[in-house]
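Below is one structure, written out as structure tokens; comments come after it.
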Amino acid sequence: MSVISPDKTHSLTREQIEFYQDNGYLHVANVFTEEEATFLRDEAHGLLKRHLDADSSGTSFGGWGSAKKVADGPMKLFHCHNVQFQSSAFARMIVDPRFTDRIADLIGPNIQLHHTKMFIKPPEQGAPFPMHQDYPYFPHENDTMIAAIVHLDDAPLEKGCVRVAPGSHKLGPMDHLHEGGHHLSTDEYPVAEATALPAKAGDVLVFSYLTAHGSGVNVSGDSRTTVLVQMRDPADRPMTNGHLSRGQGMMLRGFDPEADAGTGVGSESRYLRETYGD
Ligand SMILES: O=C(O)CCC(=O)C(=O)O
């Protein structure tokens, strides 16, 4: 199968699309093969090792400040944004039609990258995420923003798998507390009571940026390794200038109908020009 082709080669079923519309999330199994997931996992852990060897600041941290409201004790999380600039394996992963063709059934034919984020939740003390919507981090006019979490190893319950509040996307933007990251009240929305979504290596978990989600502590003996890809319809405009990042605006599928960046070497996207001027 050629990946450079106008053909749409992968689709979600009608049931999957309706499930996503009703619940605000979807678990798509086997998007990538086990072998591919193993290769990508090795790339992720290699990348982490390079960062730790170089003592890169921020790679290792205690999780969001608000994680302390979910669990006691010292917690740890490894993370890295925009991994496609650090390993070509991830550049290929985010434009793979097995991935993007299915996302197109939810966003539309044109898919634009917002950012990517690798998380490695280390064994035994992998930090949790309190329940939250992603909306407060980067609100957009048409709410097309979707996160897809690509699982590079198995994420059973004990590894602190992702959890969601099904149907919460229909509530619109919810009130968040803004300490140690934007998050919902941990009393009103305890992460332990949300629907757990254990996943296998190669599975992709998709949810709207309005779907409340979080995850528990990794209490297992193995790391939980994921790459989150945040994507939008290119015609959906940001309402704030926050959360800009390298690579934002890259087309993963289709084209940008409003592209006006010009042809020169300084062809910054319209988002960057609106933010920083010409
Ligand atoms: O990977 C997880 O466990 C949750 C990540 C998350 O909630 C986020 O990045 O917004």
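Numbering (my numbering), first residue to last: -15 to 262. Idealized CB from N, CA, C, for every residue including glycine.
Grab me the residues of Lys(-8)'s own chain with a C-beta within less than 6 Å of its C-beta, minus the 5 sequence neighbours each way, in chain order.
Asp85
Please classify Lys154 as buried or exposed, where buried requires at least 16 other C-beta atoms within 10 Å of its C-beta.
exposed
According to DSSP, is Val(-13) helix, strand or coil?
Coil, per DSSP.
Look up Phe16 in the DSSP assignment and say whether it is helix, strand or coil.
coil
C-alpha gap between Lys184 and Gly144, whole angstroms:
13 Å
Of the residues Gly57, Lys101, Ile78, which one's Cα is nearest the Cα of Gly46?
Cα-wise, what sits closest to Gly46 is Gly57.
In chain order, what residues of the same chain have a beta carbon less than 7 Å from the beta carbon of Gly49, not counting five sequence neighbours either side?
Glu163, Gly164, Gly165
Limits of the unbroken alpha helix (DSSP H) element including Gln5:
-2 to 7
Rounded to whole angstroms, what's the CA-CA distance from Asn225 to Ala131? Just pull it up for me.
In a straight line, the C-alpha of Asn225 is about 19 Å away from that of Ala131.
Give the range of the alpha helix (DSSP H) segment to which Thr84 is assigned.
It spans 81 to 91 - the alpha helix (DSSP H) in which Thr84 sits, taken as one unbroken run.
Rounded to whole angstroms, what is the Cα-Cα separation between Ser(-11) and Leu90?
20 Å
As a quick exercise: from Arg(-2), Glu2, Val(-13), Tyr9, pick the residue whose alpha carbon is nearest that of Ala196.
Tyr9
Considering only C-alpha positions, which residue in the set Asp6, Met59, Val15, Asn94 is nearest to Ala243?
Asn94
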